[in-house]
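Working notes, structure below.
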Amino acid sequence: MGDRNYPPIFGDDFARDPYRPLAALRARAPAHKVLTPDGTGLWITTGYQDTRAVLDDPTMGKDADGLRAALKRPGTVHEIDRMIAFTDPPEHTRLRRLVVRAFTTARVAALRPRIESVAERLVHRMRRADGPADLIADFAVPLPFTVICELLGVPDEDRPGFRAAWSRLRAAASGTTAYTAAADGMAEVLFRIVRAKRGGGTDDLLAALVNAPGDGERLTETELVAMAYALLVAGHETTANLIGNGMFCLLTHPQQYDLIRTDAGLVPGAVHELLRYESPVYLATHRFTTVPVQLGHVTVPAGEVVLAGLGPANRDPRRFPDPDRLDITRPSGGHLSFGHGIHRCLGAPLALLEAEVALTVLPALRLAVPADRLDWHTTTVFRGLNHLPVTLAT
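1646 is the number that our numbering gives to position 320 of the sequence shown; each next residue is one higher, with no gaps.
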């Protein structure tokens, strides 16, 4: 059966409400082959148990070269795409160990005052704006972007170049000439930043990785560039979606918003419920089967590409009672928005901290346009709003 015979579930309607069609698929089978917008046939999981199993399955490959072959894409993998998310053990184990050593809990916790300062400055700018503010462009993006750039030690003068390169990459389809050109531009920016860290002189995460002691425990320059790219993208794109999605959910559930406005002690649990209810990473990054994999009564053949359905798993009624109801007092824990297993998100503590600060620092907001007029991303992995017009309480 050709790929054209599989259901094309992605697109604008899916971006606005992916939960209804995926709930219908979940009721029929734990895994389905579907079409992506570019016509690629791949598998997605829709239930909690099977999604978690895929994330934990050591036979699922993530190696960049193997994935490209499974996707039947010509050419070679660009150096910036050889990031930690697209490696398998033992290479993945080595890379993760080195990053964890530098990306410590203490380093993240020490960022709270700075995150609060950046958030307060952004709110001040929003108050000075004439008319509604765009919570995405004016707050949700610049907050985590500024924080991750400062954490990594990206100089101010290099930040616009990175943002421009990322915008071009995000808009280009993988394997196209436009993508290669954008990736080359991104690599040029990152190689320059990495080389400037040689010899020390700055106390930041990237400098710690570049100047790690012991030749056997150092990243190569290409690995450093791929790692910097992964940390910069994951450190701001997903958190921007978390903040934007979370505030959208609260603004469209005023009783829940009132609870959090009157009791700051609910904020940490609310962040986890918002992650469950509207996951910023809707489908986990691509994996491929190295052997046939059994998911319930469905057999996924070897050599197939699989997307683990984090978003639909978080709405599985077999795991979360009344899953389509937002309840910030719901006992937290169990959601898969940060993934699971060896590839679980390294930046989860930072994302949680930034979201908690955002919910605490932001003043009372109101939607400036009807909710059904908002524009959602249509990518297969990330879920978020392109814009979120709001008015601020005086």
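Don't be surprised by glycine CBs; every beta carbon is placed ideally from N, CA and C.
Separation of I1462 and E1604 (C-alpha to C-alpha, rounded to the nearest whole angstrom) is 16 Å.
Rounded to whole angstroms, the separation of the alpha carbons of V1632 and W1369 is 5 Å. Taken in chain order, the complete alpha helix (DSSP H) segments of 4 or more residues contained in the segment 1421 to 1461 are 1431 to 1435 and 1438 to 1454.
Per DSSP, the unbroken alpha helix (DSSP H) holding T1377 starts and ends at Y1374 to D1382. Straight through space, the alpha carbons of R1670 and R1420 are spaced by roughly 15 Å. Annotated as distal: L1592 and Y1583, with beta-carbon spacing of 8 Å or more.
DSSP places M1409 outside both helix and strand once states are collapsed to three, so it counts as coil. Along the length of the segment 1643 to 1715, whole alpha helix (DSSP H) runs at least 4 residues long occupy 1674 to 1687, reported in chain order. DSSP places L1545 outside both helix and strand once states are collapsed to three, so it counts as coil.
Just so you know, the alpha carbons of L1621 and T1371 end up roughly 9 Å apart.
The segment 1466 to 1476 makes no contact with the segment 1495 to 1502; the number of CB pairs closer than 8 Å stays below 3. A straight-line Cα-Cα distance of about 12 Å links E1442 and A1435. Per DSSP, A1357 is not a residue of any alpha helix (DSSP H); the beta strand (DSSP E) it occupies stretches across A1357 to L1361. V1624 carries a strand assignment under DSSP once its states are collapsed to helix, strand and coil. When the Cα atoms are used, A1455 and L1448 turn out to be separated by approximately 11 Å. Your pair G1572 and A1610 does not check out as a contact, with CB atoms roughly 20 Å apart and the cut at 8 Å. Following the DSSP letters along the chain, one finds I1335 in no beta strand (DSSP E), marked with neither H nor E.
Only exposed fits V1617, as fewer than 16 other CB atoms lie within 10 angstroms of its CB. Residue environment: T1413 is assigned as buried (16 or more neighbouring CB atoms within 10 Å of its CB, all protein chains considered). By a beta-carbon distance limit of 8 Å, L1636 does not contact V1597. Their separation comes to about 16 Å. Beta-bridge partners of R1613 (DSSP): V1632.
Nearest Cα to M1409 within the set D1589, A1677, A1628 and A1554: A1554.
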